Every structure is written in C-alpha cells, then in structure tokens.
C-alpha cells in the first residue's frame, strides 16, 4: 500500500542523465514512491543500480525494450509486465502500454488509475466509467510539445511536469470515490 506523493515516469531507455533528473524531481517534489512504467533499459554502468537504490520506494514494470540480458548485466531483478498497487483507497494498475490487457479482469472502479508509458507522450484522462489513465511521458525522449516530462500523483490531483524545471504542463483533479 502506497501513501503520499507518487512520481510516475517511463521510457528512460538507458539514459543515466534522465535517471539523475528523475531523482532530482523525486527529491524536489517530495515523492515517497517512484513508479517506472517500463523501458528502463538499464545499462551495466554501476551508477544505474546505485541511482535506483536511492529511490524512497520503487515499482518497476518491464516494457517492450527491456531485455532479460540488460537487467541481468546490471544486476537488477527483471520486473513483471503488470503490477497492481493500492494508493489512498484506489487501485493502481501499472503496465508499459505495449500490450492489451482487459481492465475489467482487475475489478477497476471509478477513481482507480491505469498507469502506462510506451508512447513517450504525457496523458491524463478519465474514461466514461471514471477510470483515470496516466502516462507521464518520457524524461529521456519526449514526443510532445511539452518535451521531457513526468507525472505526479498527489492526494487530490494528477499532474504532468517538465523534467527540466518541474513546471506544470497540465493537471487533472482526481474524482471522488
């Protein structure tokens, strides 16, 4: 069970510089948990594992570019494709976004959150059933007008921020449960 501010990112693609910037944002934004929604693509540079060990609390899922070889070489356990977490009474379903899964199999309710990556484009939206989708974009290879981004999940809102300076791009008020 998670509590407090959660920083959400994905698609680092082996960039130690992007990982450094993410950890600067973790500290600056007071995040108590870091979620990396796939395509970490760790290198065998020891700095990569050292940085990851500094996370206050960490959840990883694997993406389409994450290989068992890269994780083995970096001595980081190979993560699962999908992780289900609990945060403030909400279910968080974390996946990379490169494969289809049926959300109804996870009994998601209005206010629950699906977290993904893969597109490198930040997204905050609520579907007709009240399920919230969050994609933090990419701190390494942003593909939107906002550039390199990440997401923050706070008590009553989700927001997208620029990695460079932490400035807010856009936000979404979380629905009541």
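Residue numbers (my numbering): 1 to 177. Glycine included, every Cβ here is placed at the ideal spot set by N, Cα and C. Bear in mind the structure is a predicted one, so any value in this text is a computation, not a measurement.
Beta-carbon separation (whole angstroms), residue i vs residue j, contact threshold 8 angstroms
| i | j | result |
| --- | --- | --- |
| residue 136 | residue 146 | Wrong, their Cβ atoms sit about 11 angstroms apart, outside the cutoff. |
| residue 18 | residue 139 | 4 angstroms |
| residue 66 | residue 41 | 6 angstroms |
| residue 29 | residue 166 | 7 angstroms |
| residue 10 | residue 34 | Not quite, the Cβ-Cβ distance comes to about 11 angstroms (not below 8 angstroms), so this is no contact. |
| residue 32 | residue 163 | With 8 angstroms as the limit, residue 32 and residue 163 do not qualify as a contact, their Cβ atoms being about 19 angstroms apart. |
Residue i vs residue j beta-carbon contact at 8 angstroms
| i | j | result |
| --- | --- | --- |
| residue 95 | residue 151 | no |
| residue 39 | residue 16 | no |
| residue 90 | residue 111 | yes |
Alpha-carbon spacing of residue i relative to residue j, whole angstroms
| i | j | result |
| --- | --- | --- |
| residue 170 | residue 124 | 8 angstroms |
| residue 12 | residue 133 | 20 angstroms |
| residue 105 | residue 115 | 16 angstroms |
| residue 153 | residue 69 | 32 angstroms |
| residue 1 | residue 87 | 6 angstroms |
| residue 22 | residue 107 | 31 angstroms |
| residue 75 | residue 122 | 30 angstroms |
| residue 77 | residue 71 | 6 angstroms |
| residue 20 | residue 102 | 34 angstroms |
| residue 6 | residue 98 | 22 angstroms |
| residue 113 | residue 130 | 9 angstroms |
| residue 126 | residue 73 | 39 angstroms |
| residue 175 | residue 109 | 11 angstroms |
Inset, instruction - Spell out a yes or no on whether the region 39-58 and the region 153-164 are touching, meaning 3 or more CB-CB pairs, one atom from each, closer than 8 angstroms. - result: By the Cβ rule, the region 39-58 does not count as touching the region 153-164, because fewer than three pairs are nearer than 8 angstroms.
Inset, instruction - Taking 8 angstroms as the threshold, find out whether the region 55-67 comes into contact with the region 79-88 through three or more Cβ pairs. - result: Yes, they touch.
Inset, instruction - For the region 34-67, list the beta strand (DSSP E) runs that are entirely contained and at least 3 residues long, ordered along the chain. - result: Here the runs fully enclosed are 58-61.
Inset, instruction - Let me know the alpha helix (DSSP H) ranges lying completely inside the region 108-134, each 4 residues or longer, listed in chain order. - result: DSSP runs (the alpha helix (DSSP H)) wholly in the region 108-134: none.
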